[in-house]
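Residue numbers (my numbering): 2 to 1093. Using N, Cα and C, we set each Cβ at its ideal position, and we do this for glycine too. Being a predicted model, the structure only gives us computed values, none of them experimental. Here's the structure, in structure tokens; my notes come after.
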């Protein structure tokens, strides 16, 4: 080989120098750019972040100089500032102690470790800021003085935070509660899967919390990513394969080069579902489309390892390698940002509290538990490696629990070790108590508003002037309120745990606490999401899974990850490509508000079921326990409800709304456990909390105290109404508004009592048809003569009526009370004048006075069963009214020229009563108004203010001493075959006997929809009656002017009425409608009956 010449070597060196020169130019090298910075000394080997914390301690020293040394505001120390003496250092330390509030000591004094660390940070920080170093002798003396003398003086506390290990038993309790009990906060399916997965990785790897869930300030580019995991399938003896993976911790403490330096941990998959992290990893990867060659769980479990090989290496798709696995998730979707450690730590605390732990754990407690487990089988070097510590002594110095891990007794006795008691005292099981309250009782929560700090803050808000100040103060108010709540909640938990453990001692452990798992909401969610129910059952049992069962679990986890939680829909009502699932509708749901989307589909499905079954929509009933439609009048629905009652164990009765959708209706606790009711009535569903509360208020008004809770699983005895209301909220989860008495309480009869009266026997009523809606000209049965008329007559009362309703007088409306008083005066005056009054029968009296008969499927009345008319469709009429008076007013007043809208019935001339009254003018007016009434489509006497005439024939002989029809019992419904009194009318009169008989025979059971509708009508009729019972006053010019103006602007009567009554509240809707018809030009010929 020829020897290289010197010239050639020189040319090669020149080429290399030129290449290096070009590389420097390409990188933009400038020799003078860092000369000044490089001339400075590093002043310590700490990281940049640590040095910043050192400088923060110097800021405290500057504050000390301003406060105590009279330095000017904003004073800063800089380069060359002289180092403080030992005396000045001690003075600054005492000032710092008095300015610091501790969290461990009861007196709020800071601990010696805290102050010593602050001093150790100040010493190098002062050197970084000034360049003058505090002497090591002064620093050593300062540290000794803090540790010993200040503690001896009582200035500092030597207390230390106890260290416990988060063991496997604690993990299992938390995860089972995480899957099987009510969620402490909203979490989507993706979040539920990834939270379980990442918590398991913390437990198995011993990593720090920031390794997988970075801090908010450092989240960019950090977090656990797919490139940090290597996934391999290994051949198994009892299965086609098992999963093993290596997880690399990239962002460990003091890692200067995280891109190239990582620490890996090898992990096996497990057959127990709680510890089967590989299944969660597969579900997350498939949901992110990150696994190369696989797009569904079925494809993964179809994979086999080739013959002759023991493993199969899987890989990630290139576009998914740098994607974060554990990400921030909301109901709107999944973000690309990693889940931060602040969010994870807060959620972990809530989940532990939800699992009945009153002292929370941290990820560091998992590191201690893992270190203790590894130390028992491996060397100290392996312990340091798994904890990513350089020194072998770190675990012994800083990671040991406060309680020794040595079973000293068995070691002394030479027996095998039993660490059961050690696990208890080292772990968090000592802080677990079944039945731990998850929120403050409403009684304690209401005390928060009386806190002096909140009162002061509220005063500041009221006195604030600018909007920015109000906004800021409100934010501070809410923060302060949350802090006070947390403090009171922690104190309440401690007292509750102590009382519970004392109770176990006093009962000698022979009584079981009344503790019911809070699972009602989770059970309802599992019905809406079946895969969640299967996962909850699997995680709760923790039974080892077979290979095929693992495939099913991955499929369910995968479904949970991809489920849309923006709006949740009930089973069978899911939209199809964003459209309503009912073919006849197909409306785009994107055009609707989120809270109305599920209701829209539900209404369409109900109408479709109604058409399919051939029944009315209001007759279609929905079972909220199994999400199925039924015929509400069928025996099948009754039996179905009875089957649910047998298995009803939930103590949650409030309406459940989940992601804009009602997933379970509310129930009345009083009705549900009333054995005297039919099963369908007991399970009466309320879709709105307000309706449920109004219904429950009626029950509360009827209760007497003390009272035992109706729920058979609840033994609480309430001493008074307030105690019962708080019990309903705290135990049975009714909305907190139930704790405050409603202003509308007990203004109506119990709807349950109304149901019992209106539907006496369900088996019989199911055979009845619903009454047909009467038209303007109802047909007359052929068997009925057109000259027959059934009439019930008034009788002069022999005694006063004691009550109109079962509701206490003090609870009635003032206007109602006034009306009752006027009615009594009218009755008494009728007695003295021998005029038609009210019957001795209270039922007839109710009908005569208020015109509100008891209808089987009609209006909800306020009256009690004893004061409700039992004669269906019979209008109480005095026989003398039917006689033609000698002086007949043929021309009514102006406001009554046009007939009011009403159903065909019987127009009664009431001038007779008006003519006979000569005494008290007020009583004349009142009784005339009571007597002037027509019969509406249901046979209800409607009071009127105008005079009507009717063609009639002479009366046949009658007996005025006959008694009215007997009342119907709760278990029989008598059709009116015979009338007590009959009279002959002319052919111009409509016959009501046939209509009455037909309505009675076709009457069906009261439905919730009809009861709700008719209750509103009853309230309006009562209001109209109160106003129409007065004498009709002529309309003034001001009233006519306002009415004409509103008619031009609003056009419709429904819009004009509330606007007019706001200005003139004394005008009823009936009177206003008549005046409307007078003012408005007639558009067609009047069909009003002409007077005789």
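By DSSP, does residue i sit in helix, in strand, or in coil?
| i | result |
| --- | --- |
| residue 1073 | helix |
| residue 566 | coil |
| residue 433 | strand |
| residue 230 | strand |
| residue 719 | strand |
| residue 321 | helix |
| residue 12 | helix |
| residue 1079 | helix |
| residue 732 | coil |
| residue 1 | As shown, the chain starts at 2 and ends at 1093. That puts residue 1 outside it, with no answer to give. |
| residue 187 | coil |
| residue 1045 | helix |
| residue 577 | strand |
| residue 725 | helix |
| residue 30 | coil |
| residue 644 | helix |
| residue 158 | strand |
| residue 590 | helix |
| residue 129 | helix |
| residue 235 | strand |
Who are residue i's beta bridge partners in DSSP?
| i | result |
| --- | --- |
| residue 268 | 246 |
| residue 663 | 658 |
| residue 339 | 328 |
| residue 686 | 668 |
| residue 428 | Residue 428 pairs with nothing; no bridge assigned. |
| residue 709 | 718 |
| residue 334 | 331 |
From which residue to which residue does the beta strand (DSSP E) around residue i run?
| i | result |
| --- | --- |
| residue 621 | 621 to 624 |
| residue 657 | 657 to 659 |
| residue 330 | 328 to 331 |
| residue 401 | Where residue 401 is concerned, there is no enclosing beta strand (DSSP E), given that its DSSP letter is neither H nor E. |
| residue 301 | Not the beta strand (DSSP E): residue 301 falls in the alpha helix (DSSP H), residues 298 to 303. |
| residue 312 | 312 to 314 |
Our contact map puts residue i next to residue j with C-beta atoms below 8 Å; I'd like the distance itself, whole angstroms only.
| i | j | result |
| --- | --- | --- |
| residue 58 | residue 123 | 4 Å |
| residue 402 | residue 393 | That belief does not hold up - the Cβ atoms of residue 402 and residue 393 are roughly 19 Å apart, past 8 Å. |
| residue 523 | residue 184 | 7 Å |
| residue 178 | residue 323 | So it is not a contact: roughly 35 Å between Cβ atoms. |
| residue 739 | residue 723 | Not really, about 11 Å apart at Cβ, beyond 8 Å. |
| residue 173 | residue 543 | 7 Å |
| residue 345 | residue 429 | Their Cβ separation, rounded to whole angstroms, is 18 Å, which puts residue 345 and residue 429 out of contact at 8 Å. |
| residue 343 | residue 217 | 6 Å |
| residue 291 | residue 321 | 4 Å |
| residue 78 | residue 63 | 6 Å |
| residue 646 | residue 679 | Contact doesn't hold; Cβ gap of about 11 Å is too wide. |
Please list the terminal residues of the continuous alpha helix (DSSP H) segment that includes residue i.
| i | result |
| --- | --- |
| residue 110 | It is not in any alpha helix (DSSP H) - residue 110 carries neither H nor E in the DSSP assignment. |
| residue 631 | Segment 629 to 632 is the beta strand (DSSP E) holding residue 631; no alpha helix (DSSP H) there. |
| residue 171 | 169 to 181 |
| residue 397 | It is not in any alpha helix (DSSP H) - residue 397 carries neither H nor E in the DSSP assignment. |
| residue 53 | 49 to 69 |
| residue 287 | 278 to 288 |
| residue 460 | 453 to 464 |
| residue 447 | From DSSP, residue 447 is part of no alpha helix (DSSP H); its letter is neither H nor E. |
| residue 213 | 210 to 213 |
| residue 361 | Element bounds for residue 361: n/a, residue is neither H nor E. |
| residue 91 | 87 to 99 |
| residue 37 | 36 to 40 |
| residue 603 | 595 to 614 |
| residue 1064 | 1054 to 1064 |
| residue 414 | 409 to 414 |
Beta-carbon of residue i versus every beta-carbon of chain C: anything under 8 Å?
| i | result |
| --- | --- |
| residue 731 | No chain C appears in the structure shown, which is made up of a single protein chain. |
Inset, instruction - Run through the region 493 to 540 for me and flag every whole alpha helix (DSSP H) of 4 or more residues, listed as ranges in chain order. - result: Along the region 493 to 540, the alpha helix (DSSP H) occurs as fully enclosed runs of 4 or more residues at 521 to 529, listed in sequence order.
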